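Here the structure comes first, spelled out in structure tokens, and everything after it is commentary.
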Amino acid sequence: MPSFPPHLKRFSSSTTLAGQLALHLEGHLRRWLTPGDKGPRPLGLATGRTMEPVYAALVSRLLLWNEADLKRLRSLWCSFNLDEYVGLLPDHQGSYRHYMRERLGDPLQLPLEALQLPDGSADDTAAAARSYAADLQRRGGVGLQLLGLGSNGHVGFNEPPSDRDRSCHAVMLSPSTRLQNAMMFGGDPAAVPERAITLGLAEILAADEIHLVVTGPSKAAILARLLRLDGPDPSLPASWLLDHPNVCLWGDAASLA
Numbered sequence: 168m169p170s171f172p173p174h175l176k177r178f179s180s181s182t183t184l185a186g187q188l189a190l191h192l193e194g195h196l197r198r199w200l201t202p203g204d205k206g207p208r209p210l211g212l213a214t215g216r217t218m219e220p221v222y223a224a225l226v227s228r229l230l231l232w233n234e235a236d237l238k239r240l241r242s243l244w245c246s247f248n249l250d251e252y253v254g255l256l257p258d259h260q261g262s263y264r265h266y267m268r269e270r271l272g273d274p275l276q277l278p279l280e281a282l283q284l285p286d287g288s289a290d291d292t293a294a295a296a297r298s299y300a301a302d303l304q305r306r307g308g309v310g311l312q313l314l315g316l317g318s319n320g321h322v323g324f325n326e327p328p329s330d331r332d333r334s335c336h337a338v339m340l341s342p343s344t345r346l347q348n349a350m351m352f353g354g355d356p357a358a359v360p361e362r363a364i365t366l367g368l369a370e371i372l373a374a375d376e377i378h379l380v381v382t383g384p385s386k387a388a389i390l391a392r393l394l395r396l397d398g399p400d401p402s403l404p405a406s407w408l409l410d411h412p413n414v415c416l417w418g419d420a421a422s423l424a
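Sequential numbering from 168 applies to the sequence shown in the working numbering.
Structure representation (structure tokens):
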């Protein structure tokens, strides 16, 4: 079994990392415009503080495009987010739908339907998860997937232990995950919803390429644990990425210390 990761990109700072990852994403989106393309597979997008500078840098680059290319990009854009909290309305400041509109949708003037997320306000969360997985499958599955790394090793909201064959599902969030995400809820972990709908590892591992983005000293311990593994371990969900042939780890100096 090869050591993790197959491809490592190391940067001195999270700012430099964000700029280079935005450049890679821009190149991927440029290929969407290629004449004769059968149509792009959706982007798989993530949220959280790690992704904020990445999306800011990407928006800055895309807004430099000529209007014709930008208009075409808007018409082609299709992205599926990893997850959404259960019980929050779409306009709630802590919802990931609000996060995505604020950081990508509004700045790029993307159509509302361009940014797909699970329906966290649905009464039947199991049905909402099945519907979301089916919608993604109809669009051909994820082409390029962005991932952050949770402090307990989760990707998406696939909490440990996680099975690699699990599809989109509703999940109870661990105390450590709610603590990690408390900043968007006034710093109070108790205000973070207890449940979420998340794409499973089955959908994540079906992506053409996966980019795991890890920044900051708070992720150094869990990243070190991941880098020491020589095979998947269900107690560390991110380790299932070892089974994927095209994974890149983007890390800054603090996370890789």
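For each residue, glycine too, the CB sits at the ideal point set by N, CA and C.
Keep in mind it's a predicted model, so treat the numbers as computed, not measured.
| query | Between glycine 211 and leucine 366, what straight-line distance do the alpha-carbon atoms span, to the nearest angstrom? | reply | 10 Å
| Assigned exposure category for arginine 239 - 16 Cβ within 10 Å defines buried | exposed
| request: Grab the span of the beta strand (DSSP E) containing valine 116 for me, first residue to last. | output: The question about residue 116 has no answer here: the residues shown for the chain are numbered 168 through 424.
| task | Go ahead and pull the three-state DSSP assignment for phenylalanine 352. | result | helix
| said: Quick check for students: name the residue ranges of the alpha helix (DSSP H) that lie wholly in the segment 227-258, counting only runs of 4 or more. | reply: 234-243
| At a cut-off of 7 Å, is glycine 211 close to the ligand ATP when judged by its beta-carbon and the heavy atoms of the ligand? | Looking for the ligand ATP in the displayed structure turns up nothing, as the structure carries no ligands at all.
| message | Please report the distance separating the alpha-carbon of valine 380 from that of glutamate 326. | response | 18 Å
| said: I'd like the span of the alpha helix (DSSP H) that includes leucine 346, first residue to last. | reply: 342-347
| What are the partner residues of threonine 201, as DSSP defines its beta bridges? | Paired residues: none, contrary to the question.
| On the three-pair Cβ rule with 8 Å, is the segment 215-230 touching the segment 311-325? | yes
| With 16 other Cβ atoms within 10 Å as the buried cut-off, status of glycine 194 | exposed
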